[in-house]
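Student: What follows is a structure written as structure tokens; I'll ask about it next.
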Amino acid sequence: MAAEQIHKLADVFGTSRDVPKTYVERPGVDDRFLNDITRDKHIVIHGASKQGKTCLRKYHLSESDYVVIQCTRDSSKASLYEMLLKHAGIKCEVSESKTLSGSRKLHATVSAEGKIPLIAEGAVEGEFEHEKGHEKVTEVKDFEIDPEDANDVVRVLKAANFTKYVVVEDFHYLDEDVQQSLAFDLKVFHEISHIVFIVVGVWLEANKLTLYNGDLSGRIATINADHWEAASLREVIDAGAALLNISIAEPVQKLIVDGCQGNVGLLQEVCYRLCEKYGIWKTQDETASLGTEADVNDMLRAVADEQAARYRNFLARFSEGLGETQLGMYKWIGYAVIAASPDELRRGLRPNTIFHRIRPNHPAGDSLQHNNVIQALERVGKVQFKHKLQPLIFDFSNGELVVVDANFLVFLQTHSPDELLEYLGFEPQVKGQA
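Put into structure tokens, the structure is as follows:
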């Protein structure tokens, strides 16, 4: 019997730019987002990589509701604000004038057709041009601003009648100083405008931005998109099976859920590859049964192997830390990670646990101090930033070392400890003790 509606595999399973048709709403995540979006507070959506953070806002908001500011490791605060102004339809050019800090000011031009109440701002700044004798009236207002001053940015956005949400994607890519500066600016936006920011990033600490700026307390709402119940992950599989008219045996489904390390992105990829292997490219006319436990194990291994070169490089570069030191703490933090179970790495390794696991084998022996471990862990983000190790794999924003890349967990599981420790630079006698 022919299916009533045909769905393409790529629209059902896998990783894509659009929201998959297997999107599953989660209690405590989707309902909280819908509630918080109406509270006139900035929203922070955080969690591990590929856990549905971007899909959350795409699913509930129309593209016309927001502008997206995409962060990169090279983004400065000025470049992000200039991007925001351009997305708001404001023409920006570098001015000959300079700010007090010596950087160039920005010449911003706000223009609109129709009866836009630009003059209502108070003192006229720049010139207004009117096309008399026509139904259409173009009003132009010029500003010369410091692109790093949130007050100036708000002034221009108000003149442009900007009312959309501002989505800041991949906030974690920014240098820590830029993150902290933006955290202070969020208070400015909250105090003198109704502009709402939606900050999206890979970390697990719910109060990360509040730690940067305590004044944000009460002005932001945080949503942890990281946690997926096994039942919700099963819903994703069931939804896709119904759309494609396929059947996946219960033991196979269980292995997919267990093997994906609680990560919906990895689960989506495994389901896509499973269908791909059996030639399921669209909705089937007759129900098709597919998948074995061996298939799932092979696909998990294949996903990890495809990124093996990146992960080997990650271990080698991470072990170097911020420079050569006597204790070589980052090499030994890597040692503790390899010795840990996947469940521990998902939940987080406390500094005390890491300390007691590395101390017996560390060359410093009893002279190694607990504080040495804590100081090194606090710079985990800086080490990854220095060596351009992105997307992030380790996160220590919540007082525990967490692996935020599910594929890396699979990589650890599918390679021997001796091989992994070799990437960190350990000698054979230490390798055998992990």
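In UniProt numbering, the protein residues as written are 1 to 434. Built from N, CA and C at the ideal position, the CB exists for glycine as well. Everything numeric in this text was worked out from a predicted model, so none of it was measured.
What does the alpha-carbon distance come out to for the pair LEU368 and LYS388?
Tutor: As a first step, residue 368 must be located in the sequence shown, where it is residue number 368. As a first step, residue 388 must be located in the sequence shown, where it is residue number 388. If you take the alpha carbons of LEU368 and LYS388, they lie about 29 angstroms apart.
Student: Taking a contact to mean a Cβ-Cβ separation below 7 angstroms, would you say GLU243 touches LYS53 in this structure?
Tutor: One-based indexing of the sequence shown puts residue 243 at position 243. One-based indexing of the sequence shown puts residue 53 at position 53. It is worth fixing the name first, because residue 243 is Leu in this sequence and not Glu. No.
Student: Return the first residue and the last residue of the alpha helix (DSSP H) that TYR23 is part of.
Tutor: The residue labelled residue 23 in the question sits at position 23 within the sequence shown. Premise fails: TYR23 is in no alpha helix (DSSP H) and is neither H nor E.
Student: What do you reckon, are the CB atoms on ASP146 and LYS187 nearer than 7 angstroms?
Tutor: Counting from 1 along the sequence shown, the entry for residue 146 is found at position 146. Counting from 1 along the sequence shown, the entry for residue 187 is found at position 187. In this structure, LYS187 does not lie closer than 7 angstroms to ASP146 by Cβ.
Student: Ordered along the chain, which non-local residues of its own chain (more than five positions away) have a Cβ less than 7 angstroms from that of MET299?
Tutor: If you number the sequence shown from 1, residue 299 lands on position 299. These residues qualify, in order along the chain: VAL270, ARG273 and LEU274.
Student: By a C-beta neighbour count over all protein chains shown, 10 Å radius and 16 as the cutoff for buried, is GLU127 buried or exposed?
Tutor: Counting from 1 along the sequence shown, the entry for residue 127 is found at position 127. Below a pLDDT of 50, predicted positions are generally treated as unreliable, and GLU127, at 44, falls in that range; no measurement from the model is reported.
Student: Would you report the Cα separation of PHE143 and ASN161, rounded to the nearest angstrom?
Tutor: On the sequence shown, residue 143 is found 143 positions in, with the first residue counted as 1. On the sequence shown, residue 161 is found 161 positions in, with the first residue counted as 1. Using only the alpha carbons, I get a separation of about 15 angstroms.
Student: Quick one: is SER341 buried, meaning 16 or more other Cβ sit within 10 Å of its Cβ, or exposed?
Tutor: Counting from one through the sequence shown, the residue named residue 341 turns up at place 341. Classification of SER341: exposed, given that the 10 Å Cβ count is below 16.
Student: Could you name the residues of the same chain whose beta carbon sits closer than 6 angstroms to that of LEU80, not counting the 5 residues immediately before and after it, in chain order?
Tutor: Taking the first residue of the sequence shown as 1, we reach residue 80 at position 80. ILE69.
Student: First and last residue of the alpha helix (DSSP H) that includes GLY262?
Tutor: In the sequence shown, the residue the question calls residue 262 occupies position 262. Per DSSP, GLY262 belongs to no alpha helix (DSSP H) and is neither H nor E.
Student: Cα-Cα, which of THR292, ILE223, THR283 and CYS71 is closest to GLY240?
Tutor: Here residue 240 is taken as the residue at index 240 of the sequence shown, counted from 1. The residue with the shortest Cα to Cα distance from GLY240 is THR283.
Student: Would you tell me roughly how many angstroms separate the C-alpha atoms of LYS331 and LEU421, rounded to the nearest one?
Tutor: The residue you call residue 331 lines up with position 331 of the sequence shown. The residue you call residue 421 lines up with position 421 of the sequence shown. Roughly 9 angstroms between the two C-alpha positions.
Student: Assign PRO251 to one of two classes, buried (16 or more other C-beta atoms within 10 Å of its C-beta) or exposed (fewer than that).
Tutor: As a first step, residue 251 must be located in the sequence shown, where it is residue number 251. By the neighbour-count rule (16 or more Cβ atoms within 10 Å), PRO251 is not buried but exposed.
Student: Using the rule of at least 16 other Cβ atoms within 10 Å of the residue's Cβ for burial, across every protein chain shown, is LYS50 buried or exposed?
Tutor: The residue labelled residue 50 in the question sits at position 50 within the sequence shown. With 16 or more other Cβ atoms within 10 Å, it is buried.
Student: With DSSP as the reference, label residue 436 as helix, strand or coil.
Tutor: The structure shown has nothing for residue 436, since the chain only spans 1 to 434.
Student: Does the count of Cβ pairs from the region 196-210 and the region 168-177 closer than 8 angstroms reach three?
Tutor: These segments touch.
Student: Please list, in chain order, all residues of the same chain as GLN326 whose beta carbon is under 7 angstroms from its beta carbon, the five residues on each side excluded.
Tutor: Numbered from its first residue, the sequence shown carries residue 326 at position 326. The answer is none, since no qualifying residue turns up.
Student: Under a Cβ-count criterion, where at least 16 other Cβ atoms within 10 Å of its own Cβ denotes burial, should ASN297 be classed as buried or exposed?
Tutor: Numbered from its first residue, the sequence shown carries residue 297 at position 297. Under this definition ASN297 is an exposed residue.
Student: DSSP three-state label for THR54, please.
Tutor: Mapped onto the sequence shown, residue 54 falls at position 54. In the structure shown, THR54 sits in a helix (DSSP, three-state: H, G or I).
Student: For ASP295, collect the residues of the same chain with a Cβ closer than 7 angstroms to its Cβ; drop the 5 residues on either side in sequence, then sort them by chain order.
Tutor: Residue mapping note: residue 295 aligns to position 295 of the sequence shown, counting from 1. Cβ within range, chain order: LEU274 and LYS277.
Student: Since ARG32 and ILE223 should fall inside the 8 angstroms C-beta cutoff, what is the C-beta to C-beta distance between them, to a whole number of angstroms?
Tutor: Start at 1 with the first residue of the sequence shown, and residue 32 comes out as number 32. Start at 1 with the first residue of the sequence shown, and residue 223 comes out as number 223. Between ILE223 and ARG32 the Cβ distance is about 6 angstroms, and since that is below 8 angstroms, they are a contact.
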